[in-house]
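The listed protein sequences derive, respectively, from chains A and U.
Here the first sequence is numbered in the working numbering, starting from 1 and rising by one per residue.
Here the second sequence is numbered in the working numbering, starting from 411 and rising by one per residue.
Glycine included, every Cβ here is placed at the ideal spot set by N, Cα and C.
Presented below is the structure to which this report refers.
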Amino acid sequence: MVAAVNVSRFEGVTMAPPDPILGVSEAFKADTDEKKLNLGVGAYRTEELQPYVLDVVKKAENLMLERGENKEYLPIEGLAAFNKVTAELLFGADNSVLKEQRVATVQGLSGTGSLRLAAALIERYFPGAKVLISSPTWGNHKNIFNDARVPWSEYRYYDPKTVGLDFEGMIADIKAAPGGSFILLHGCAHNPTGIDPTPEQWEKIADVIQEKNHIPFFDVAYQGFASGSLDNDASSVRLFATRGMELLVAQSYSKNLGLYAERIGAMNVVCSSSDLAARVKSQLKRLARPMYSNPPVHGARIVANVVGNPALFDEWKAEMEMMAGRIKNVRQKLFDSLSAKDKSGKDWSFILRQIGMFSFTGLNKAQSDNMTNKWHVYMTKDGRISLAGLSLAKCEYLADAIIDSYHNVS
Amino acid sequence: MSSGGHGSATDRRLNALFRHLSSSARMDPQQLNSIAASPTSANQNDSVFSHVVRAPEDPILGVTVAYNKDPSPVKLNLGVGAYRTEEGKPLVLNVVRKAEQQLVNDRSRVKEYLPIVGLAEFNKLSAKLILGADSPAIRENRVTTVQCLSGTGSLRVGAEFLARHYHQRTIYIPQPTWGNHPKVFTLAGLSVKSYRYYDPATRGLNFQGLLEDLGSAPAGAIVLLHACAHNPTGVDPTLQQWERIRQLMRSKGLLPFFDSAYQGFASGSLDSDAQSVRMFVADGGECFIAQSYAKNLGLYGERVGALSIVCKTADVAGRVESQVKLVIRPMYSNPPIHGASIVAAILRDRDLFNEWTFELKAMADRIISMRQKLFDALRAREIWYIAGTPGDWSHIFKQIGMFTFTGLNPQQVAFMTKDYHIYMTSDGRISMAGLSSKTVPHLADAIHAAVTLVS
Numbered sequence: 001m002v003a004a005v006n007v008s009r010f011e012g013v014t015m016a017p018p019d020p021i022l023g024v025s026e027a028f029k030a031d032t033d034e035k036k037l038n039l040g041v042g043a044y045r046t047e048e049l050q051p052y053v054l055d056v057v058k059k060a061e062n063l064m065l066e067r068g069e070n071k072e073y074l075p076i077e078g079l080a081a082f083n084k085v086t087a088e089l090l091f092g093a094d095n096s097v098l099k100e101q102r103v104a105t106v107q108g109l110s111g112t113g114s115l116r117l118a119a120a121l122i123e124r125y126f127p128g129a130k131v132l133i134s135s136p137t138w139g140n141h142k143n144i145f146n147d148a149r150v151p152w153s154e155y156r157y158y159d160p161k162t163v164g165l166d167f168e169g170m171i172a173d174i175k176a177a178p179g180g181s182f183i184l185l186h187g188c189a190h191n192p193t194g195i196d197p198t199p200e201q202w203e204k205i206a207d208v209i210q211e212k213n214h215i216p217f218f219d220v221a222y223q224g225f226a227s228g229s230l231d232n233d234a235s236s237v238r239l240f241a242t243r244g245m246e247l248l249v250a251q252s253y254s255k256n257l258g259l260y261a262e263r264i265g266a267m268n269v270v271c272s273s274s275d276l277a278a279r280v281k282s283q284l285k286r287l288a289r290p291m292y293s294n295p296p297v298h299g300a301r302i303v304a305n306v307v308g309n310p311a312l313f314d315e316w317k318a319e320m321e322m323m324a325g326r327i328k329n330v331r332q333k334l335f336d337s338l339s340a341k342d343k344s345g346k347d348w349s350f351i352l353r354q355i356g357m358f359s360f361t362g363l364n365k366a367q368s369d370n371m372t373n374k375w376h377v378y379m380t381k382d383g384r385i386s387l388a389g390l391s392l393a394k395c396e397y398l399a400d401a402i403i404d405s406y407h408n409v410s
Numbered sequence: 411m412s413s414g415g416h417g418s419a420t421d422r423r424l425n426a427l428f429r430h431l432s433s434s435a436r437m438d439p440q441q442l443n444s445i446a447a448s449p450t451s452a453n454q455n456d457s458v459f460s461h462v463v464r465a466p467e468d469p470i471l472g473v474t475v476a477y478n479k480d481p482s483p484v485k486l487n488l489g490v491g492a493y494r495t496e497e498g499k500p501l502v503l504n505v506v507r508k509a510e511q512q513l514v515n516d517r518s519r520v521k522e523y524l525p526i527v528g529l530a531e532f533n534k535l536s537a538k539l540i541l542g543a544d545s546p547a548i549r550e551n552r553v554t555t556v557q558c559l560s561g562t563g564s565l566r567v568g569a570e571f572l573a574r575h576y577h578q579r580t581i582y583i584p585q586p587t588w589g590n591h592p593k594v595f596t597l598a599g600l601s602v603k604s605y606r607y608y609d610p611a612t613r614g615l616n617f618q619g620l621l622e623d624l625g626s627a628p629a630g631a632i633v634l635l636h637a638c639a640h641n642p643t644g645v646d647p648t649l650q651q652w653e654r655i656r657q658l659m660r661s662k663g664l665l666p667f668f669d670s671a672y673q674g675f676a677s678g679s680l681d682s683d684a685q686s687v688r689m690f691v692a693d694g695g696e697c698f699i700a701q702s703y704a705k706n707l708g709l710y711g712e713r714v715g716a717l718s719i720v721c722k723t724a725d726v727a728g729r730v731e732s733q734v735k736l737v738i739r740p741m742y743s744n745p746p747i748h749g750a751s752i753v754a755a756i757l758r759d760r761d762l763f764n765e766w767t768f769e770l771k772a773m774a775d776r777i778i779s780m781r782q783k784l785f786d787a788l789r790a791r792e793i794w795y796i797a798g799t800p801g802d803w804s805h806i807f808k809q810i811g812m813f814t815f816t817g818l819n820p821q822q823v824a825f826m827t828k829d830y831h832i833y834m835t836s837d838g839r840i841s842m843a844g845l846s847s848k849t850v851p852h853l854a855d856a857i858h859a860a861v862t863l864v865s
């Protein structure tokens with residue numbers, strides 16, 4: 001049998017570059033040097049630099065297996081028990097937005113999938129509306145909005161001079177945006193900088209957003225990982241909700257419950273009435289159905305079991321504090337090592353002020369390349385390192401690498 | 411042109427209303443944007459979502475929603491294609507339970523992100539399952555297989571890739587087809603046309619119409635083919651007809667996009683049900699294949715599937731895969747691990763695989779016996795004497811797979827739901843997998859009444 005086409009239809013397809021974040025792990029795997037260190041993707045590691053499956057997750061999975069639950073399709077909006085507990089975790093169980101049933105919650109494919117659903121909603125119902133994203137932000141944000149055909153622009157965020165927040169610039173850029181824009185905010189533990197607004201700054205951000213009739217759009221991927229407290233880390237979102245504002249919130253359980261590969265998260269839309277919430281939910285479903293029909297059940301059940309069971313929930317809180325605590329210890333040790341070894345007098349204290357899994361080192365691309373090429377330290381080109389992948393034992397080695405890259409490479 | 415093109419919630423409502431009222435006129439978008447609420451107009455605190463209307467329930471999944479609301483003790487859900495046992499219960503296969511126990515017991519297992527393309531072993535085994543272990547396309551590394559979210563996700567990712575990288579943006583889908591197909595392709599950026607498929611007069615394949623319509627499609631157009639157990643009709647081409655379809659498509663350079671959601675469910679044999687796909691791959695040509703494990707491994711809610719793209723060369727396959735990753739990363743980053751791990755555990759283990767083939771055949775056989783029972787029950791009620799009845803009802807056992815396209819019209823279906831609490835899609839499709847010996851009589855009564863009383 002002879003095929004009619006001799007040349008591939010796809011001969012013109014070019015090789016795409018590797019993903020800037022996920023590609024780092026691939027490069028790390030290929031490296032054979034024993035000193036290699038993977039500080040690329042934000043995945044928590046133990047002090048022994050091993051992946052970590054939370055005890056509560058193992059317990060939940062065993063419970064699920066014992067119960068012998070079936071594998072029927074979830075509804076398009078996901079597992080009802082999950083949707084209930086995820087909204088409660090985010091807003092607080094006694095929050096009026098929940099009591100008044102004003103939140104449309106739809107289970108999504110972790111943070112990415114939830115953001116993509118929201119982007120699709122924006123494209124369809126707010127044609128021409130822009131999303132403002134922080135400069136810098138998680139590398140995949142712009143891809144999500146590009147693929148969803150939602151225009152975006154940046155607001156100033158990171159100030160390299162202070163290695164802190166450019167608050168004036170942020171407020172000015174949000175103010176300058178056309179009214180009714182969506183403002184993408186990191187709920188806590190900003191990725192990649194680790195720099196979060198203070199509570200007072202959050203109030204001012206909320207003021208200017210209200211003034212311009214913008215719509216706040218939170219990405220909450222680290223609830224619990226910033227301070228160690230699930231409630232504290234939700235305070236920015238709750239502040240906005242308390243003001244009676246309508247908002248979008250994407251949640252992920254990849255990091256805080258270590259459920260990375262299970263792809264479990266949620267999209268929450270707080271509306272000014274329960275009827276609106278029902279309508280918005282129905283439209284989110286309409287966008288999910290032609291994308292994947294309905295979401296995967298396994299991760300949702302784990303979350304519902306952990307968060308919905310008081311004993312497991314308490315255990316989770318303890319494990320959460322342990323993980324966040326380890327990262328704080330590593331920050332301290334890295335800072336101490338840098339301060340001790342660096343004779344230039346450079347102030348490395350920004351490392352202690354930054355919050356969450358990541359540190360924005362201030363290293364540029366060439367310096368980051370040096371980290372990899374000379375020191376076998378794998379990180380993203382924007383200078384971001386994942387402290388979750390760092391052990392106390394490796395802090396001194398990392399300090400040497402950073403000092404060398406910072407001072408000897410330009 | 412108004413300031414910034416996006417004003418207050420009130421502006422948006424007015425604009426939406428204006429568009430609605432002037433929908434018959436071709437409105438200049440600039441004119442639409444120039445409508446703005448007066449600053450003194452009421453309700454600046456209105457919702458930004460006020461223009462969002464409530465969407466109707468999904469036509470297929472909404473059937474289950476309606477079924478769940480019904481308090482009747484005799485209600486029957488023949489809507490969504492999910493297998494039920496003779497006792498009317500969902501089924502988790504024994505091999506699946508075994509595989510899951512293995513996974514949970516394995517203390518070395520972690521939950522780290524999968525690569526964007528998913529679990530490598532799952533991908534390899536899935537390609538072998540649909541193409542055959544000895545497939546030259548696999549040997550020659552010409553196949554890229556990417557784990558996706560069941561059939562829907564595989565179709566969507568494949569379609570998005572085609573919309574970006576293929577010169578022909580039209581896909582031809584059979585008339586009728588699964589209700590979600592047009593939406594998947596449209597949202598992916600393809601334009602959708604249809605080709606004749608089902609012949610209501612014979613309740614079989616309109617083969618001439620199919621050949622004519624594909625024959626007049628533009629060269630290179632994409633063509634959706636149901637690999638086996640066509641949904642919703644259950645009408646499949648014979649192998650000879652498949653061969654003619656293949657020749658026609660290859661002569662016009664049409665690109666096949668197979669939807670394989672029922673491998674093993676149609677005939678009970680995994681290999682037989684893959685014949686159509688393998689026939690196309692054997693001629694060395696290119697094709698897309700969306701695979702689902704929802705039905706044949708009963709993994710519905712785990713969302714396990716794979717997209718395989720068979721290319722002319724290994725080099726092309728490598729480049730295609732890299733671009734498929736760019737579609738996936740901004741959609742959901744990487745796929746869920748649980749279902750794929752279960753599938754890999756079963757496919758890689760000879761004993762589990764064999765056990766699976768037995769369980770699969772048992773499911774397929776139960777459905778075939780339900781077909782026979784329904785036909786017998788209708789015959790006992792002398793249904794073919796009724797005026798307007800769709801034929802002699804032999805189509806019930808001629809059709810293949812989970813579904814039967816009864817030939818009942820939407821009014822008859824509505825009657826059956828209202829008076830007999832039978833839940834099914836309005837196109838007359840019933841899921842045989844939802845029937846049992848106990849419930850067949852009730853369904854037969856309902857069909858008989860519908861055909862007698864409603865036209």
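- Secondary structure at Ala-465 of chain U: coil, using DSSP grouped into helix, strand and coil.
- Within the stretch 139-178 of chain A, the complete beta strand (DSSP E) segments of 3 residues or longer fall at 152-156, listed in chain order.
- Per DSSP, Thr-580 of chain U lies in no alpha helix (DSSP H) segment; the continuous beta strand (DSSP E) that holds it begins and ends at 580-585.
- Taking a contact as a CB-CB distance under 8 Å, the pair Phe-225 of chain A and Ala-189 of chain A counts as one, their CB atoms being some 6 Å apart.
- Contacts with chain A at 8 Å (Cβ-Cβ) include Ile-526 of chain U.
- In terms of Cβ geometry, Gly-489 of chain U and Tyr-710 of chain U do not form a close pair [threshold 8 Å].
- Rounded to the nearest angstrom, the Cβ distance from Gly-708 of chain U to Leu-503 of chain U is 5 Å, consistent with a contact under 8 Å.
- Under the three-state reduction of DSSP output, Asp-681 of chain U falls in the coil class, being neither helix nor strand.
- If you draw a straight line from the Cα of Asp-855 of chain U to the Cα of Gly-694 of chain U, it comes to about 51 Å.
- Excluding sequence positions up to five before and after Ala-824 of chain U, its CB lies within less than 8 Å of the CB of Ser-836, all in the same chain and listed in chain order.
- Along the stretch 722-750 of chain U, the positions whose C-beta sits under 8 Å from a C-beta of chain A are Lys-722, Thr-723, Val-726, Gly-728, Arg-729, Val-730, Ser-732, Gln-733, Lys-735, Leu-736, Val-737, Arg-739, Pro-740, Met-741, Tyr-742, Ser-743, Asn-744, Pro-745, Pro-746, Ile-747, His-748 and Gly-749, read in chain order.
- Fully enclosed alpha helix (DSSP H) runs of no fewer than 4 residues occupy 760-790 of the stretch 754-793 of chain U, in order along the chain.
- Contact annotation for Asn-143 of chain A against chain U: Leu-736, Arg-739 and Pro-740 [CB-CB distance below 9 Å, chain order].
- Annotation for Lys-603 of chain U: the continuous beta strand (DSSP E) segment containing it runs 601-606.
- Under the criterion of beta carbons closer than 8 Å, Ala-569 of chain U and Phe-595 of chain U qualify as touching, at roughly 5 Å.
- Comparing alpha carbon positions, the residue from U:Ile-857, U:Gly-472 and U:Met-773 closest to Gly-678 of chain U is U:Met-773.
- DSSP assignment within the stretch 497-576 of chain U yields the following whole alpha helix (DSSP H) runs of 4 residues or more, N-terminal first: 504-515, 530-541, 546-549 and 560-575.
- A residue is called buried when at least 16 other Cβ atoms come within 10 angstroms of its Cβ; Val-463 of chain U does not meet this threshold and is exposed.
- Using a Cβ-Cβ cut-off of 8 Å, Asn-83 of chain A is close to nothing in chain U; its nearest Cβ partner there is about 15 Å away.
- Counting only residues of its own chain and dropping the five nearest sequence neighbours on each side, Gly-614 of chain U has a CB closer than 7 Å to the CB of Val-645.
- With a threshold of 16 other beta carbon atoms within 10 Å, Val-7 of chain A falls short and is exposed.
- Taking the Cα positions, Leu-54 of chain A is about 15 Å away from Ala-300 of chain A.
- Residues Arg-552 of the same chain have their beta carbon placed closer than 7 Å to that of Thr-723 of chain U, with the five preceding and five following residues left out of the count.
- Taking a cut-off of 8 Å for Cβ pairs, the stretch 267-277 of chain A and the stretch 680-697 of chain U do not touch, as fewer than three such pairs fall below it.
- Burial check for Thr-198 of chain A: the Cβ neighbour count within 10 Å stays below 16, so the residue is exposed.
- As computed with DSSP, Asp-219 of chain A is found in a beta bridge with A:His-186 and A:Ala-250.
- For Ser-359 of chain A, the uninterrupted beta strand (DSSP E) segment begins and ends at 358-360.
- Within the stretch 328-399 of chain A, the complete beta strand (DSSP E) segments at least 3 residues long are 358-360 and 384-386, listed from N- to C-terminus.
- The Cβ neighbour count for Glu-168 of chain A, taken over all protein chains shown within 10 Å, is under 16; the residue is labelled exposed.
- Excluding five sequence positions before and after Leu-259 of chain A, the CB atoms of its chain that fall closer than 6 Å to its own CB belong to Tyr-253 and Gly-299, given in chain order.
- In the DSSP assignment, Val-823 of chain U falls within the alpha helix (DSSP H) that extends over 820-830.
- Ala-543 of chain U is classed as exposed because its beta carbon has fewer than 16 other beta carbons within 10 Å across all chains shown.
- Close partners of Thr-14 of chain A in chain U (Cβ separation under 7 Å): Arg-729.
- At least one C-beta of chain A is nearer than 8 Å to the C-beta of Glu-696 of chain U.
- The beta carbon of Gly-619 of chain U sits closer than 8 Å to the beta carbons of Tyr-605, Arg-606, Tyr-607 and Asp-609 from its chain, once the five residues preceding and following it are set aside; these are given in chain order.
- Contact between Gln-673 of chain U and Ile-540 of chain U holds: CB atoms are separated by about 7 Å, below the 8 Å threshold.
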